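A.B. asks: Residue numbers (my numbering): 2 to 230.
No residue lacks a Cβ here, since even glycine has one placed at the ideal position from N, Cα and C.
Owing to the predicted nature of the structure, the values given are computational and were not obtained by experimental measurement.
The structure is reproduced here in structure tokens:
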């Protein structure tokens, strides 16, 4: 075999090898990026039942009252809003204990866009999550309402969480408020579980006297009891 033929054969082999490698690379399917949509499910029929506990400090009467009840949030239907967005109608029911029937309390709404998860609570729209989910990422939760800017941020990501004998493998935590000083305890967080939604909420706004005594405020907790479809 002369050198010319040898070089031609080597060239053919190399060309075939390169073509094969490029073909393999082209056929390789990259896994989809998980931006976090599963932490805010929006399927009609989904529901979550919470145990709600609250403590109310009344500075006018000087009393401290505690309340406990069950709350059910049901995605009853969806529709297209005036911005051409898919919108969920969330019916909210409550009852004092297991022996009583559910009573419709009010209706909220939710939107999950490519970049945000929004909820309209008592006609006030909040940005609950932003996508993609990233640790320590911040945003203004009050962007679409008339309140002062409130900076939300992601804290613990993809951590397990347990509540009322329920175990969730992956949750994300959003810190909404975090201010503590001699006269104010202002704290709010929400925890969302993958494929479930909101599983825990703490809202605490307590105004204190100089000696540390609580003067007025509210301490509110939502804890998931059950969920389904």
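For residue 120, is the classification buried or exposed, using 16 other Cβ atoms within 10 angstroms of its Cβ as the cut-off for buried?
C.D. replies: In the chain shown, the residue the question calls residue 120 occupies position 119. Burial call: buried.
A.B. asks: So, are the CB atoms of residue 92 and residue 105 less than 8 angstroms apart?
C.D. replies: Residue mapping note: residue 92 aligns to position 91 of the chain shown, counting from 1. Residue mapping note: residue 105 aligns to position 104 of the chain shown, counting from 1. Closer than 8 angstroms, so yes.
A.B. asks: To which residues does DSSP link residue 93 through a beta bridge?
C.D. replies: Position 92 of the chain shown, counted from the start, is the residue given in the question as residue 93. BP columns for residue 93 point to 74, 107.
A.B. asks: Please report the residue range of the beta strand (DSSP E) in which residue 168 lies.
C.D. replies: Counting from one through the chain shown, the residue named residue 168 turns up at place 167. Residues 167 to 181.
A.B. asks: Going by Cα to Cα distance, which pick from 228, 147, 125, 179 is closest to residue 167?
C.D. replies: The residue labelled residue 167 in the question sits at position 166 within the chain shown. When only C-alpha atoms are compared, the closest one is 228.
A.B. asks: Flag this pair as yes or no: are the beta carbons of residue 192 and residue 201 separated by less than 8 angstroms?
C.D. replies: Residue mapping note: residue 192 aligns to position 191 of the chain shown, counting from 1. Residue mapping note: residue 201 aligns to position 200 of the chain shown, counting from 1. In contact: residue 192 and residue 201 (Cβ atoms closer than 8 angstroms).
A.B. asks: Buried or exposed: which applies to residue 58, given that a residue is buried once 16 or more other Cβ atoms fall within 10 Å of its Cβ?
C.D. replies: Position 57 of the chain shown, counting from 1, holds the residue named residue 58. When all chains shown are included, residue 58 counts as buried.
A.B. asks: Evaluate the contact criterion for the stretch 130 to 144 versus the stretch 46 to 65: three or more CB pairs, one atom per stretch, below 8 angstroms.
C.D. replies: Cβ pair count under 8 angstroms is below three, so no.
A.B. asks: Check whether the stretch 169 to 188 and the stretch 151 to 159 are in contact - that is, three or more C-beta pairs closer than 8 angstroms.
C.D. replies: Yes, they touch.
A.B. asks: Measuring CA to CA, which of 217, 126, 35, 197 is closest to residue 62?
C.D. replies: Your numbering for residue 62 matches position 61 in the chain shown. That would be 217, whose Cα lies nearest to the Cα of residue 62.
A.B. asks: Name the two residues that bound the continuous beta strand (DSSP E) containing residue 208.
C.D. replies: In the chain shown, residue 208 corresponds to position 207, counting from 1. 198 to 209 is the extent of the beta strand (DSSP E) around residue 208.
A.B. asks: Does DSSP put residue 39 in a helix, a strand or coil?
C.D. replies: Residue 39 sits at position 38 when you count from the first residue of the chain shown. It is helical.
A.B. asks: On a CA-only basis, which of 100, 196, 76 is nearest residue 35? Give me that one, please.
C.D. replies: For the purposes of this step, residue 35 is identified with residue 34 of the chain shown, where counting begins at 1. Here the closest residue by C-alpha is 196.
A.B. asks: My assumption, with CB atoms under 8 angstroms, is that residue 132 sits in contact with residue 112. Please give the rounded CB distance.
C.D. replies: Here residue 132 corresponds to residue number 131 of the chain shown, with the count starting at 1. Here residue 112 corresponds to residue number 111 of the chain shown, with the count starting at 1. About 12 angstroms; that fails the 8 angstroms criterion.
A.B. asks: Just curious, the beta strand (DSSP E) that residue 184 is in, first and last residue?
C.D. replies: Taking the chain shown and counting its residues from 1, one reaches residue 184 at position 183. Element bounds for residue 184: n/a, residue is neither H nor E.
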